[in-house]
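Q: First, the structure itself, so that you have it in front of you.
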Amino acid sequence: MDQLAPLNPESPKLEQENQKTHLSLALIEAKCIANIAFPMVLTGLLLYTRSMISMLFLGRLGELALAGGSLAIGFANITGYSVLSGLAMGMEPICGQAYGAKRFKLLGLTLQRTVILLLLTSIPIALLWFNMKRILLSCGQQDDIATQAQSYIFYSLPDLIAQSLLHPLRIYLRSQSITVPLTFCATLAILLHIPINYLLVCVLNLGIKGVALSGVWTNVNLVGSLIFYIAISGVYKKTWGGFPKECFKGWKSLMNLAIPSCISVCLEWWWYEIMILLCGLLLNPQATVASMGILIQTTALIYIFPSSLSFGVSTRVGNELGANRPKRAKLATIVGLSYSFILGFSALLFAVTVRNIWASMFTQDSEIITLTSMVLPIIGLCELGNCPQTTGCGVLRGTARPKLGANINLGCFYLVGMPVAVWLGFFAGFDFRGLWLGLLAAQGSCVVTMLFVLARTNWELQAQRAKELTGTFTIDDQDGADEAYESSSSLQKAKCENSLV
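What follows is the structure, encoded as structure tokens:
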């Protein structure tokens, strides 16, 4: 009987070259994501600075104005800004995938539909804001604080129009990997924010009204500068088809994505507002509420980094799925998650390092400083889960699965985290720490669920869904697209280098 010759193993040299190819592609993808995310980090920090400037001017007006303004900002976040931000997220997968599929007119059409949607949504929000004082008084709030809050939010009403334009414009540009101009426009707006506040608050003596109007004015400046950039750069030429009748119909795909995105964003925003309310029921509410305010500002600062990363990953995943390159979308996910774990450990290191000095930057009260330093390491641990979880949400947006993200947030934050927080905070004797340990439980369960979902993602199926979403399902499948793309990494490199333009 003839012996079968043993199969020759694959050439070690060929295997080594394949590994080099995969590594080079991963490095190129890492650069692509960084080119999108890094300017978004700078933009986020600038906008964070703007909110801090507004709080400083409120503080100059006295304790009553600071309390009323803070209450109004919280009310506006819960009832208005979170809703508009969440609804705008619905356009992200459509625009990202349409750009990858070279369906450029669909970007302009989706931009128009989203602006119309947000403007219509602003009407009931405005009616709610008109009745804010009545709502606050019915909840037992003091009359003088409620009056100040009503004054602030009344003069913030035009901001609903500005936000209805700002959110869609940012996503429209970001889906095309255009983020550096956003940073320049934000820089210009923030540089003008200080003199605007000084003019309205200190020179014209408009008080709390001036702080509210300065915020509106700054956002109008930001929107105007973005529109000016789009006009002079010619970015709109490929994507703008005027105002066709189609922008008033065919809303099903947008609404199917916008509503779950809105729910997902609101569930996460509202958690922190509920935490503040729970602090008021603890043994020392004055100290715990103050410490909670400092810690929420801290988490908002840290959140800028993973949220910017999630925007970059969402754009890359959406672009690659739209271009029918599922392997590239999977690679973008892996690289993005790798970034997120680095960010998570960096946040933990930051929280542990500054725990004894951070609170003293905001207050000299020893009890508040003690509470804050005690909880900061827990926040660092939360970020170990939050960074990959936030990045995973970006992947779900890029794959047009926001409903899944909303379900994960609902289950983990409100069915796991909230009961744990209440039990530890009020029944197990952990008090203030217990509330944050509840957040840790929520983030831990959230990241495990998110990673499980991403690991089981069928990328070929997501590419097919992208065809349906962008209307390119009649185009021939590009069976060899991934293989051809891997052999032409220089093309991808050039694209990433040009993404700053």
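Residue numbering for the sequence shown follows the numbering used here, beginning at 13 and increasing consecutively.
All C-beta atoms in this analysis are idealised placements derived from N, C-alpha and C, irrespective of residue type, glycine included.
All values reported here derive from a predicted model rather than from experimental measurement.
#1: Please state whether the Cβ-Cβ distance between V277 and M101 is less than 8 Å.
#2: Relative to the C-alpha of S273, which candidate in M430, A454 and G410 has its C-alpha closest?
#3: So, is P297 buried or exposed, given that buried needs 16 or more other C-beta atoms within 10 angstroms?
#4: Buried or exposed: where does Q109 fall if 16 or more other Cβ atoms within 10 Å of its Cβ makes it buried?
#5: Tell me the start and end of each unbroken beta strand (DSSP E) in the region 173 to 222 that is at least 3 residues and wholly inside, in chain order.
#6: Return the first residue and the last residue of the alpha helix (DSSP H) that A302 is part of.
#7: Where do the ends of the alpha helix (DSSP H) carrying N421 lie?
#8: Could you say if the region 161 to 181 and the region 79 to 90 meet the contact criterion of at least three C-beta pairs nearer than 8 Å?
#9: Among L212, T191, L225 and L211, which has the Cα closest to the Cα of L238?
#10: Do the region 198 to 205 and the region 55 to 74 meet, that is, are 3 or more Cβ pairs less than 8 Å apart?
#11: Using only alpha-carbon positions, find the residue among C405, F69, E480 and R367 that is nearest to Y210.
#12: So the candidates are L293, L279 and L447; which of them puts its Cα closest to the Cα of V95?
#13: How about L321 and T375: do their beta carbons lie closer than 8 Å?
#14: Counting C-beta neighbours from all protein chains within 10 Å, is the total for F323 16 or more, i.e. buried, or is it exposed?
#15: Have a look at T310 and I157 and give me their C-alpha separation to the nearest angstrom.
#16: Would you identify the three-state DSSP class for L57, choosing helix, strand or coil?
#17: Measure the alpha-carbon distance for T345 versus N470 and round it to whole angstroms.
#18: Under the three-state reduction of DSSP, which class applies to I487: helix, strand or coil?
#19: Give the secondary structure of L16 by DSSP, where H, G and I count as helix, E and B as strand, and everything else as coil.
#20: Which residues in the same chain as L360 place their Cβ atom closer than 7 Å to its Cβ, once the five residues preceding and following it in sequence are excluded?
#21: Does any residue of chain C bring its CB to less than 8 Å from the CB of Y167?
#22: Taking its Cβ as the centre, do 16 or more other Cβ atoms sit within 10 Å of P256, making it buried, or is it exposed?
#23: Using only alpha-carbon positions, find the residue among Y111, L140, A224 and I45 that is nearest to I90.
#24: Using only alpha-carbon positions, find the residue among R125, G348 and K43 that is nearest to L266.
#25: Provide the residue span of the alpha helix (DSSP H) that contains C274, from first to last.
#26: Around the C-beta of C107, are 16 or more other C-beta atoms found within 10 angstroms, so that it is buried, or is it exposed?
#27: Kindly indicate which residue of I48, L216, A433 and G437 has the alpha-carbon position closest to the one of S187.
#28: Going by beta carbon distance, what residues of the same chain come within less than 6 Å of G222, once the five residues before and after it are set aside?
#29: Do you know whose CA, among L447, N419 and I85, lies nearest G227's CA?
#30: Do the region 418 to 434 and the region 453 to 472 meet, that is, are 3 or more Cβ pairs less than 8 Å apart?
#31: Could you work out which residue in I369, R340 and S150 is closest to L39 when comparing CA atoms only?
#32: Would you mind stating whether S385 and A363 have Cβ atoms separated by less than 8 Å?
#33: Check each candidate in L290, W282 and P136 and name the one with the smallest Cα separation from L422.
#34: In its own chain, which residues sit with a C-beta less than 8 Å from the C-beta of L194, not counting the 5 before and 5 after it?
#35: Taking buried to mean at least 16 other C-beta atoms within 10 Å of its own C-beta, is G74 buried or exposed?
A: Here's the rundown:
#1: For the purposes of this step, residue 277 is taken as residue 265 along the sequence shown, with counting starting at 1. For the purposes of this step, residue 101 is taken as residue 89 along the sequence shown, with counting starting at 1. Taking 8 Å as the Cβ cut-off, V277 and M101 qualify as a contacting pair.
#2: Taking the first residue of the sequence shown as 1, we reach residue 273 at position 261. The shortest C-alpha to C-alpha distance from S273 to any of M430, A454 and G410 is the one to G410.
#3: Taking the first residue of the sequence shown as 1, we reach residue 297 at position 285. Counting Cβ neighbours within 10 Å, P297 comes out exposed, since fewer than 16 surround it.
#4: Translated into positions along the sequence shown, residue 109 becomes position 97. It is buried - the Cβ of Q109 has at least 16 other Cβ atoms within 10 Å.
#5: Counting only unbroken stretches of 3 or more residues, no beta strand (DSSP E) element lies wholly within the region 173 to 222.
#6: Looking up residue 302 in the sequence shown gives position 290. P297 to G334 is the extent of the alpha helix (DSSP H) around A302.
#7: Translated into the one-based positions of the sequence shown, residue 421 becomes position 409. Looking at the DSSP string, the run of the alpha helix (DSSP H) that includes N421 is P414 to N421.
#8: In short, these stretches touch, since the Cβ pair count reaches three.
#9: Residue mapping note: residue 238 aligns to position 226 of the sequence shown, counting from 1. It is T191 whose Cα lies nearest to the Cα of L238.
#10: Judged by Cβ distances under 8 Å, the region 198 to 205 makes contact with the region 55 to 74, as three or more pairs qualify.
#11: In the sequence shown, residue 210 corresponds to position 198, counting from 1. The residue from C405, F69, E480 and R367 with its alpha-carbon nearest to that of Y210 is F69.
#12: Start at 1 with the first residue of the sequence shown, and residue 95 comes out as number 83. The candidate whose alpha carbon is nearest that of V95 is L279.
#13: Residue numbering aside, residue 321 sits at position 309 when the sequence shown is read from its first letter. Residue numbering aside, residue 375 sits at position 363 when the sequence shown is read from its first letter. At the C-beta level, L321 and T375 stay beyond 8 Å of one another.
#14: For the purposes of this step, residue 323 is identified with residue 311 of the sequence shown, where counting begins at 1. Here F323 is buried: its Cβ has 16 or more other Cβ atoms, across all protein chains shown, within 10 Å.
#15: Residue numbering aside, residue 310 sits at position 298 when the sequence shown is read from its first letter. Residue numbering aside, residue 157 sits at position 145 when the sequence shown is read from its first letter. When rounded, the distance between both Cα atoms is 25 Å.
#16: Here residue 57 is taken as the residue at index 45 of the sequence shown, counted from 1. L57: helix per DSSP, three-state reduction.
#17: Mapped onto the sequence shown, residue 345 falls at position 333. Mapped onto the sequence shown, residue 470 falls at position 458. Those two C-alpha atoms are separated by around 13 Å.
#18: As a position in the sequence shown, residue 487 is number 475, starting the count at 1. Note that I487 scores a pLDDT of 38, beneath 50, so its modelled location is shaky; the value from the coordinates is reported in the next line. Annotated three-state conformation of I487 is coil, per DSSP.
#19: To locate residue 16, count along the sequence shown from 1; it is residue 4. In this prediction, L16 has a pLDDT of 42, which is less than 50 and means its spatial position is unreliable; what the coordinates show is noted afterwards. When secondary structure is reduced to three states using DSSP, L16 falls in the coil class, being assigned neither helix nor strand.
#20: The residue given as residue 360 occupies position 348 in the sequence shown. Taken in chain order, the residues that qualify are G392, L393, E395 and L396.
#21: In the displayed structure, chain C is absent; only one protein chain is listed.
#22: The residue labelled residue 256 in the question sits at position 244 within the sequence shown. Exposed.
#23: For the purposes of this step, residue 90 is taken as residue 78 along the sequence shown, with counting starting at 1. Nearest C-alpha to I90: L140.
#24: The residue you call residue 266 lines up with position 254 of the sequence shown. When each option's Cα is compared against that of L266, the closest is R125.
#25: As a position in the sequence shown, residue 274 is number 262, starting the count at 1. Where C274 is concerned, the enclosing alpha helix (DSSP H) stretches over K264 to C291.
#26: Numbered from 1 along the sequence shown, position 95 holds the residue referred to as residue 107. Buried.
#27: Taking the sequence shown and counting its residues from 1, one reaches residue 187 at position 175. The shortest C-alpha separation from S187 is found at I48.
#28: Position 210 of the sequence shown, counting from 1, holds the residue named residue 222. Beyond the five residues adjoining it in sequence on each side, G222 comes within less than 6 Å, by CB distance, of L212 and V213 in the same chain, given in chain order.
#29: Along the sequence shown, read from residue 1 onward, the residue named residue 227 stands at position 215. Cα-wise, what sits closest to G227 is I85.
#30: Yes: at least three Cβ pairs fall under 8 Å.
#31: The count along the sequence shown starts at 1 and reaches residue 39 at position 27. Distance from the Cα of L39 is smallest, within the candidate group I369, R340 and S150, for R340.
#32: Residue mapping note: residue 385 aligns to position 373 of the sequence shown, counting from 1. Residue mapping note: residue 363 aligns to position 351 of the sequence shown, counting from 1. Contact check for S385 against A363 fails: the beta carbons are separated by 8 Å or more.
#33: Counting from one through the sequence shown, the residue named residue 422 turns up at place 410. Distances from the CA of L422 to each of L290, W282 and P136 were compared; the closest alpha carbon is that of W282.
#34: Working through the sequence shown from its first residue, we reach residue 194 at position 182. Only P51, M52, T55, R182, L185, R186 and L238 meet the Cβ criterion.
#35: Along the sequence shown, read from residue 1 onward, the residue named residue 74 stands at position 62. So G74 ends up on the exposed side.
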